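Notes for the one structure printed next.
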Amino acid sequence: ETKVTILGIPFDNITRKDFLNALYKRMNNRQKTFLVTANPEIVMYAHDNEDYYKLLLQADYIAPDGIGIVKASRTLGKPIKERVPGYELMLGLLEMADLEKRNVYFIGAEEEVIESTVSRVKKKWPNINIAGYHHGYFNHADPEMIEKVKATEPDLIFVAFGFPRQEKWISNYLSQASHGIAVGVGGSFDVLSG
Ligand code: UDP
Numbered sequence: 002e003t004k005v006t007i008l009g010i011p012f013d014n015i016t017r018k019d020f021l022n023a024l025y026k027r028m029n030n031r032q033k034t035f036l037v038t039a040n041p042e043i044v045m046y047a048h049d050n051e052d053y054y055k056l057l058l059q060a061d062y063i064a065p066d067g068i069g070i071v072k073a074s075r076t077l078g079k080p081i082k083e084r085v086p087g088y089e090l091m092l093g094l095l096e097m098a099d100l101e102k103r104n105v106y107f108i109g110a111e112e113e114v115i116e117s118t119v120s121r122v123k124k125k126w127p128n129i130n131i132a133g134y135h136h137g138y139f140n141h142a143d144p145e146m147i148e149k150v151k152a153t154e155p156d157l158i159f160v161a162f163g164f165p166r167q168e169k170w171i172s173n174y175l176s177q178a179s180h181g182i183a184v185g186v187g188g189s190f191d192v193l194s195g
């Protein structure tokens, strides 16, 4: 089965490699894409929050982030192929963006963290064009930030506000942008920044 539904969340039952291949194609075709990496906390939260649940259903892809999701799928008799950690998808997407010299925007985390994330990226993936970056402590309902990011025309946008904030912002962003792959990456900038 290509989809496995756990507590109403339709996970894509494909390998990390297949996720990245699909995203590579969508990037080259400039297809707007909402990617969610859902861990057990997200699944439980969506179970109790109708609005957030509906937001997740807007996603083009939902990746099974963590062994807890894989174990649940086995228990349900609908085994998921493998766990697809958000952090690893982010690294794969950065690799891809470097290869294809894409435009990438980074938004989220604390000022210091985002600064060192961006300098890490510049060193490790020098062919990425940094469209821009911003810390994550602003009013997330502010439409000006959407305008600001949109104006840089990113092919990829990493949003690190933690859930459910990041998915809400991405949904608003993508409703207004013409293209771009957007993904909520939780605490990943804190990890990448060293
Ligand atoms: N964060 C942010 N803005 C906020 C709240 C949090 O940018 O208003 C950042 C925070 O600095 C951290 C990340 O969001 O980098 C939250 O990571 P966490 O591990 O809590 O998210 P999860 O992985 O649980 O979704």
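Under UniProt numbering, the first residue of the sequence shown carries the number 2, and numbering increases by one thereafter. Note that CB positions come from ideal geometry on N, CA and C, so glycine has one too. All values derive from a computational prediction rather than experimental measurement.
For residue i, which residues from the same chain have a beta carbon less than 6 Å from its beta carbon, with the 5 sequence-adjacent residues on both sides left out?
i, result
"K102", "N128"
"I15", "none"
"I108", "H135, V160"
Determine the burial state of residue i: buried for a count of at least 16 other Cβ atoms within 10 Å of its Cβ, exposed for fewer.
i, result
"E168", "buried"
"T3", "exposed"
"I68", "exposed"
"P65", "buried"
"D156", "buried"
"A132", "buried"
"A152", "exposed"
"T118", "buried"
"T76", "exposed"
Within its chain, find whatever has a CB closer than 7 Å to the CB of residue i; leave out the 5 residues flanking it on each side and keep chain order.
i, result
"D61", "T34, F35, L36"
"N173", "I147"
"Y54", "G9, A47"
"P41", "G67, G69, I70"
Is DSSP giving residue i helix, strand or coil here?
i, result
"G137", "coil"
"F107", "strand"
"N130", "strand"
"G87", "helix"
"L77", "coil"
"N22", "helix"
"T153", "coil"
"E168", "helix"
"Q177", "helix"
"S194", "coil"
"K124", "helix"
"N30", "coil"
Going by DSSP, what residues sit across from residue i in a beta bridge?
i, result
"A64", "T38"
"V5", "F12"
"A142", "DSSP output for A142 lists no bridge partner at all."
"A161", "G109"
"A183", "F35, I158"
For residue i, which residues in the same chain have their Cβ closer than 8 Å to its Cβ, ignoring the five residues on either side in sequence?
i, result
"E111", "H136, G137, Y138"
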